[in-house]
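Here is the structure we will look at, set down as structure tokens.
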Amino acid sequence: MTAKSAIDGETATAAVRAQWNQMAKGWSDAGAVIRPWLLEATQAMLGMAGVKPGCRVLDVAAGAGDQTLDVAARVGPQGHVLATDLSPDILQFAAQQAAAAGYRNVETRVSDGEDLQIEDVQFDAVVCRLGLMLFGDPLQGLREMARVLKPGGGVCTIVFGAPQANPCVTTLMSVALRHAGLPPRDPFQPGGLLSLGKSGLIDELFREAGFREIATTRLAAPFRLPTVKDYMDFIRTSAGPVVQIVQRLEPTNAAAAWADMEEALGRYQTSTGWEGPNELLLTAARR
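Add 3 to the 1-based position in the sequence shown for my numbering, that's all there is to it.
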């Protein structure tokens with residue numbers, strides 16, 4: 004790595020950390036919305052990673068810790084969970100949630116997923132829910148997961164699927180960029196919400212990281228809420244990549260951008276509520 008690329012990497016990491024520090028409370032407060040949206044996918048992830056009673060599990064990019072509690076419940080008092088995240092602010096909520104729930108088998112540690120600073124072969128399983136696609140270098144993140152896994156240990160990650168299967172994400176980003184006067188972005192550019200949605204890409208990264216028995220499953224995970232306004236309330240407080248673009252606009256222009264997003268996504272309103280399509284990719288493998 005050159006000195007320039009190292010500096011660029013550090014700058015990008017600092018920007019992502021700042022973004023999620025800003026979104027930390029909103030993401031935590033939205034737990035009642037996020038949990039039902041991702042519950043099926045989370046339970047599948049734990050099963051595919053081989054999370055069982057007594058396991059030592061690493062939760063990478065744990066965020067506010069919703070899935071961390073599910074891991075803690077599954078491994079039981081004889082197991083152990085280490086929840087890591089780049090953002091110290093959001094990780095505080097994970098620690099608070101674990102303590103409030105009475106889980107003494109949960110530890111939290113501020114750690115960059117691309118440089119975990121954890122000793123080799125420490126864990127029986129590794130999970131990462133909606134974090135890997137935000138890594139500037141997801142291959143390096145996977146190599147770190149492989150490094151800390153015990154031989155035969157399991158891993159499972161969740162990322163967003165293809166752009167066409169995630170029209171809510173593509174609509175939010177395209178409207179935000181248009182109002183900001185910015186050109187459309189390549190949805191597969193590193194670090195973006197859809198960056199690992201290209202067919203076959205994540206499997207290839209797992210192979211290159213040294214994993215075996217790799218299998219990716221597509222899972223529909225529609226976002227169900229009473230109205231599109233409820234969804235936009237969630238986005239405005241929790242969706243860092245979108246908020247980051249809009250918050251740079253003048254107040255009048257920002258208000259217009261949010262209004263256009265809400266109008267565009269209103270097409271998913273039904274007679275029984277709002278249902279926004281999302282597709283997730285669950286990739287499981289073994290070291």
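The beta carbon of each residue, even a glycine, is placed where N, CA and C say it ideally should be. Only a predicted model underlies this, so the values are computations on that prediction, with no experimental measurement involved.
Span separating the alpha-carbon of residue i from that of residue j
{"i": "Phe209", "j": "Val19", "result": "23 angstroms"}
{"i": "Asp118", "j": "Ala223", "result": "31 angstroms"}
{"i": "Arg1", "j": "Ala75", "result": "Residue coverage of the chain in this structure runs from 4 to 290, which leaves residue 1 outside it and unanswerable."}
{"i": "Ile121", "j": "Asp206", "result": "25 angstroms"}
{"i": "Thr219", "j": "Leu204", "result": "10 angstroms"}
{"i": "Gln247", "j": "Gly195", "result": "12 angstroms"}
{"i": "Gly82", "j": "Arg38", "result": "23 angstroms"}
{"i": "Gln100", "j": "Val130", "result": "18 angstroms"}
{"i": "Gly157", "j": "Ala262", "result": "44 angstroms"}
{"i": "Ala288", "j": "Pro254", "result": "46 angstroms"}
{"i": "Glu13", "j": "Glu278", "result": "38 angstroms"}
{"i": "Ser8", "j": "Val109", "result": "Low local confidence applies: a pLDDT of 47 at Ser8 is under 50, so the model's placement there is unreliable, and no value is given."}
{"i": "Arg270", "j": "Pro154", "result": "48 angstroms"}
{"i": "Arg221", "j": "Ala47", "result": "11 angstroms"}
{"i": "Arg107", "j": "Val54", "result": "17 angstroms"}
{"i": "Arg132", "j": "Pro166", "result": "18 angstroms"}
{"i": "Thr174", "j": "Leu252", "result": "18 angstroms"}
Burial state of residue i (16 or more Cβ within 10 Å)
{"i": "Ala179", "result": "buried"}
{"i": "Thr71", "result": "buried"}
{"i": "Ser241", "result": "buried"}
{"i": "Thr5", "result": "With a pLDDT of only 48 at Thr5, under the threshold of 50, the placement of this residue in the model should not be trusted; the figure read from the coordinates follows. So Thr5 counts as exposed."}
{"i": "Ala66", "result": "According to the sequence as given, residue 66 is Gly; it is not Ala. It is buried - the Cβ of Gly66 has at least 16 other Cβ atoms within 10 Å."}
{"i": "Ser31", "result": "buried"}
{"i": "Leu185", "result": "exposed"}
{"i": "Glu43", "result": "exposed"}
{"i": "Gly200", "result": "buried"}
{"i": "Ala52", "result": "buried"}
For residue i, the first and last residue of its enclosing alpha helix (DSSP H)
{"i": "Phe226", "result": "Phe226 -> not in any alpha helix (DSSP H); beta strand (DSSP E) instead, spanning 226–228."}
{"i": "Thr173", "result": "170–182"}
{"i": "Leu268", "result": "254–268"}
{"i": "Ala44", "result": "34–52"}
{"i": "Phe209", "result": "204–211"}
C-beta contact flag for residue i and residue j at 7 angstroms
{"i": "Arg150", "j": "Asp123", "result": "yes"}
{"i": "Phe237", "j": "Ala33", "result": "yes"}
{"i": "Leu58", "j": "Ala15", "result": "The residue you asked about is not Leu; residue 58 is Cys in the sequence shown. Against a cut-off of 7 angstroms, the Cβ pair of Ala15 and Cys58 comes out as no contact."}
{"i": "Thr111", "j": "Asp73", "result": "no"}
{"i": "Thr160", "j": "Leu137", "result": "no"}
{"i": "Leu85", "j": "Val113", "result": "no"}
{"i": "Ala260", "j": "Val245", "result": "no"}
{"i": "Ser90", "j": "Asn169", "result": "no"}
{"i": "Asn256", "j": "His182", "result": "yes"}
{"i": "Gly139", "j": "Val63", "result": "no"}
{"i": "Gln22", "j": "Gly213", "result": "no"}
{"i": "Gly68", "j": "Ala97", "result": "yes"}
Range of the contiguous beta strand (DSSP E) that encloses residue i
{"i": "Gly156", "result": "152–163"}
{"i": "Phe138", "result": "Where Phe138 is concerned, there is no enclosing beta strand (DSSP E), given that its DSSP letter is neither H nor E."}
{"i": "Thr220", "result": "215–223"}
{"i": "Leu283", "result": "282–289"}
{"i": "Glu278", "result": "276–279"}
{"i": "Ala86", "result": "83–88"}
{"i": "Val63", "result": "Premise fails: Val63 is in no beta strand (DSSP E) and is neither H nor E."}
{"i": "Arg112", "result": "109–113"}
Neighbour flag for residue i against chain B, beta carbons, 7 angstroms
{"i": "Pro254", "result": "Reference to chain B is not applicable here, since this structure consists of a single protein chain."}
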